[in-house]
Each structure stands twice: as C-alpha cells, then as structure tokens.
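In this note's numbering, the protein residues as written are 297 to 462.
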C-alpha cells in the first residue's frame, strides 16, 4: 500500500516537474541539491557527468567561449535575442571555478536591469497609447505597464535601502 502510494506521488512529482518552465526547473533542482549531503552530491555529479559526456563534442566550442572573459565581453547587447540565448548557454557551461568569466557575466547581468526595464517601459508605454490597439487591449497593456512601474519602484526602493545600509 505504502509502496504504491510512493510510486503515485513520484509520478505526480514527475508530471508537475515536466510542466515547469526551464527557470522553474533549475530553481527547484538547485533547492533539491542544497538538501543533499556531500556523498549524494558526488554521486549525482557522476551521473550528471555521464549524461553530459554525450553532448561533449557538440558543446565543446560553446564551453570554450563560455569560459573566455574576452568572448563573454562581446555579449553586452541584451536586447538582442541571440545575445540572450548565448548568455544562457554561457551560464550553463561556465566552469564552477572561473571567477574571471563570472565577473564579466556579473557586469553584463547587473546592467540588464536598467536596459530591460527601460525597454519594457518604452514598449508598454507606446503600445498602451497606440491607436491601432482596441480600448480593451490598451487597458490590459496599461495594467501591465502599471505593474512594471510598481515593480521598478519597489526594486529602486530596495536598492536604495540596501545601498544606505552598506
């Protein structure tokens, strides 16, 4: 009885997990890994290493670029979809001890806030006022613009408080 329920719960977890987006899966897995003891982590590392070996040749060039600060410095225009895709791949392939490349990525990622927020504000402002959109569409877009503005204001206030405390 208990074994059957365990398998059913496991299947439900698998189904739930498969419905998550990539960011949610990564967040969940990192949380699970934080709960593991060192021996379990080493075992899981071996399993991951074996799985990753299958893609070694196809990812080799990308891994070299992901760990080269000079190559990463060219990935600054985050409004470009190709650049955003390369940033994701670079983060996935970044060596865990590569502080120099991480520093370049950190500068890029901390600059993203201002660019994306301004880009988002501009997009939603223009769309919510554009005559081609229906009244209902404009209302929805204005609501999203207001939500974005509130998030930006909260972020700005949090940064100010954090900066003043240090």
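Glycine included, C-beta positions come from ideal geometry on N, C-alpha and C.
Using the Cβ count rule (16 or more neighbours within 10 Å means buried), how would you classify residue i?
{"i": "residue 318", "result": "exposed"}
{"i": "residue 404", "result": "buried"}
{"i": "residue 431", "result": "exposed"}
{"i": "residue 437", "result": "buried"}
{"i": "residue 420", "result": "buried"}
What is the C-beta distance between residue i and residue j, in whole angstroms, given that I count them as a contact (C-beta under 8 Å)?
{"i": "residue 368", "j": "residue 401", "result": "6 Å"}
{"i": "residue 371", "j": "residue 382", "result": "5 Å"}
{"i": "residue 441", "j": "residue 424", "result": "5 Å"}
{"i": "residue 365", "j": "residue 397", "result": "5 Å"}
{"i": "residue 386", "j": "residue 362", "result": "4 Å"}
{"i": "residue 331", "j": "residue 324", "result": "With a Cβ gap of about 11 Å, residue 331 and residue 324 do not count as contacting."}
{"i": "residue 448", "j": "residue 413", "result": "5 Å"}
{"i": "residue 313", "j": "residue 301", "result": "Going by Cβ atoms, the distance from residue 313 to residue 301 rounds to 18 Å, so no, they are not a contact pair."}
Return the chain-ordered ranges of every alpha helix (DSSP H) run that is complete within the segment 324 to 377 and spans a minimum of 4 residues. 334 to 349, 352 to 362 and 365 to 368
May I ask you to verify whether the segment 373 to 393 touches the segment 345 to 353, counting CB pairs closer than 8 Å and requiring at least 3? Between the segment 373 to 393 and the segment 345 to 353 there are fewer than three C-beta pairs closer than 8 Å, too few to call the two in contact.
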